[in-house]
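Student: Let me begin by handing over the structure; questions about it come next.
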Amino acid sequence: MDNPFFRFKIGSFDALAICDSDEGGINLLLVDTGAEKVLLDTGVGRDVTDTPAPLMDRLKEAGIAPEDIGVVILTHADFDHIGGAVKEDGKLAFPNARYIISQAEWDYWQTKPLRLRQDIDYSEAFRKMEEDTPKRRLAQLADILEKVESGAEIVPGIQLIGAPGHTPGNSIVAVTSGGEKLLFIADLFYEPKNLEDPNWVSEYDGNAEQVIATRRRVFNEAVREHTLLMAYHLPFPGLGYVSENGAGWAWQAKEIAG
Ligand SMILES: [Zn+2]
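Using this note's numbering, the first residue of the sequence shown is number 459, and each one after it goes up by one.
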């Protein structure tokens, strides 16, 4: 892709959106608070799919060493969010970082759940990747992972907020500085048209009732407060706003200078 980076400010914080794919649709955020570099989600990683994710190369290109990352926050443990947390050799991708996940997400995966619906005919390879990667990565991270409750302030200005439904411990991240706010909403929706129906549920959402309630809470508040959102799987960088639209919402992508 032409430019896999987008730099912007959230108050006094420097934010860098990074595309962790050559095709787009995997939007990571690095927030530099001045005191700490905080990475929100880690992409697919290099040993999970046939198309290794470029995150580590992109960070290098941006002049950031893996050792510079002080905090890694995982919104949930699906492979495309946790895969890049650990390298091919089993070592931490970010050796100096605190790694954060919600207690509820940790607890969920300890029950060895079946993540995917059984009534959908996924390929064996996809099913294996989706089911096995989170369990493997969480085991690799077990000694270092900090499990936190919803509402925990991870560093000043960055807060993990429970957004259950997609998975039981799914979270979003609020980044607040100087009166400005961004909500990193990860997989709350995939395409703008998903927002039209407030009862829309993805085949990857584990609990329909919960996810509908979560979307309603997050999007209604984002409309009221005109909050800048960043969605993980939209075309890069996935920044935009929601507005009221009939019973549901509409997406307005933020204009970014090319
Ligand atoms: Zn995802």
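Positions of the beta carbon are idealized from the N, C-alpha and C atoms, including for glycine.
1) Is residue 666 helix, strand or coil when you go by DSSP?
2) How would you write the range of the alpha helix (DSSP H) that residue 593 sits in, first residue to last?
3) Inspect the CB distances between the segment 478–492 and the segment 649–657 and report whether three or more fall short of 8 Å.
4) Is residue 632 closer than 8 Å to residue 690 when the C-beta atoms are compared?
5) Apart from the five residues on each side of it in sequence, which residues of its chain come closer than 6 Å, Cβ to Cβ, to residue 686?
6) Could you check where the alpha helix (DSSP H) with residue 471 kicks off and where it finishes?
7) Looking at the strands, I want to know which residues DSSP matches up with residue 639.
8) Any heavy atom of ligand 1 inside 7 Å of the beta-carbon of residue 478?
9) Check whether the segment 498–506 touches the segment 599–614, taking contact to mean three or more Cβ pairs, one atom from each stretch, closer than 8 Å.
10) Run the Cβ filter for me: residues under 7 Å from any heavy atom of ligand 3, listed in the order they occur in the chain.
11) Roughly how many whole angstroms lie between the Cα atoms of residue 609 and residue 617?
12) Is it right to say residue 625 is buried, meaning 16 or more other beta carbons lie within 10 angstroms of its own, or is it exposed?
13) Comparing C-alpha positions only, which one of 464, 658, 582, 711 sits nearest to residue 684?
14) Please name the residue in 664, 637, 620 whose C-alpha comes closest to that of residue 630.
15) Could you check how far apart the C-beta atoms of residue 615 and residue 634 are, in whole angstroms? I think they sit under 8 Å.
16) Take residue 576 as the anchor and find which of 568, 567, 589 has the nearest alpha-carbon.
17) Among the residues of its own chain, which have a CB less than 6 Å from the CB of residue 699, if the five just before and after it don't count?
18) Tell me residue 495's beta-bridge partners as DSSP assigns them.
19) Do you know how far the Cα of residue 622 is from the Cα of residue 550?
20) CB residue 543 to CB residue 557, shorter than 8 Å?
21) In whole angstroms, what is the alpha-carbon distance linking residue 463 and residue 477?
22) Reducing DSSP to helix, strand and coil, say where residue 574 ends up.
Tutor: Walking through what the data contain:
1) As a working mapping, residue 666 is identified with position 208 in the sequence shown. Residue 666: helix per DSSP, three-state reduction.
2) The residue labelled residue 593 in the question sits at position 135 within the sequence shown. Per DSSP, residue 593 belongs to the alpha helix (DSSP H) from 582–599.
3) no
4) In the sequence shown, counting from the first residue as 1, residue 690 sits at position 232. In the sequence shown, counting from the first residue as 1, residue 632 sits at position 174. No.
5) Stepping through the sequence shown from its first residue, residue 686 is reached at position 228. Around residue 686: 640.
6) On the sequence shown, position 13 is the one that residue 471 refers to. Taken as a continuous stretch (DSSP letters only), residue 471 belongs to no alpha helix (DSSP H), being part of the beta strand (DSSP E) at 471–477.
7) Residue mapping note: residue 639 aligns to position 181 of the sequence shown, counting from 1. In DSSP, residue 639 forms a bridge with 634.
8) Taking the sequence shown and counting its residues from 1, the one referred to as residue 478 is at position 20. No - ligand 1 has no heavy atom lying nearer than 7 Å to the Cβ of residue 478.
9) no
10) Absent from the structure shown: ligand 3. Ligands present: ligand 1.
11) As a position in the sequence shown, residue 609 is number 151, starting the count at 1. As a position in the sequence shown, residue 617 is number 159, starting the count at 1. Cα-Cα distance, rounded: 6 Å.
12) For the purposes of this step, residue 625 is taken as residue 167 along the sequence shown, with counting starting at 1. Buried is the call here.
13) Against the sequence shown, residue 684 aligns to sequence position 226. Closest option to residue 684, Cα to Cα, is 711.
14) The residue labelled residue 630 in the question sits at position 172 within the sequence shown. For the residues 664, 637, 620, the minimum Cα distance to residue 630 belongs to 620.
15) Working through the sequence shown from its first residue, we reach residue 615 at position 157. Working through the sequence shown from its first residue, we reach residue 634 at position 176. Yes, residue 615 and residue 634 are in contact; Cβ-Cβ is about 5 Å, under 8 Å.
16) Position 118 of the sequence shown, counted from the start, is the residue given in the question as residue 576. Selected option, being the one with the closest Cα: 589.
17) Translated into the one-based positions of the sequence shown, residue 699 becomes position 241. Counting only Cβ-Cβ distances below 6 Å, and skipping sequence neighbours, we find 710.
18) Residue numbering aside, residue 495 sits at position 37 when the sequence shown is read from its first letter. Answer is 490.
19) Stepping through the sequence shown from its first residue, residue 550 is reached at position 92. Stepping through the sequence shown from its first residue, residue 622 is reached at position 164. Their Cα atoms are separated by approximately 27 Å.
20) On the sequence shown, residue 543 is found 85 positions in, with the first residue counted as 1. On the sequence shown, residue 557 is found 99 positions in, with the first residue counted as 1. Yes, they are a contact pair.
21) Sequence index remark: in the sequence shown, residue 463 carries index 5 (1-based). Sequence index remark: in the sequence shown, residue 477 carries index 19 (1-based). Going by the C-alpha atoms only, they are around 7 Å apart.
22) Taking the sequence shown and counting its residues from 1, one reaches residue 574 at position 116. If DSSP states are grouped into helix, strand and coil, residue 574 belongs with coil.
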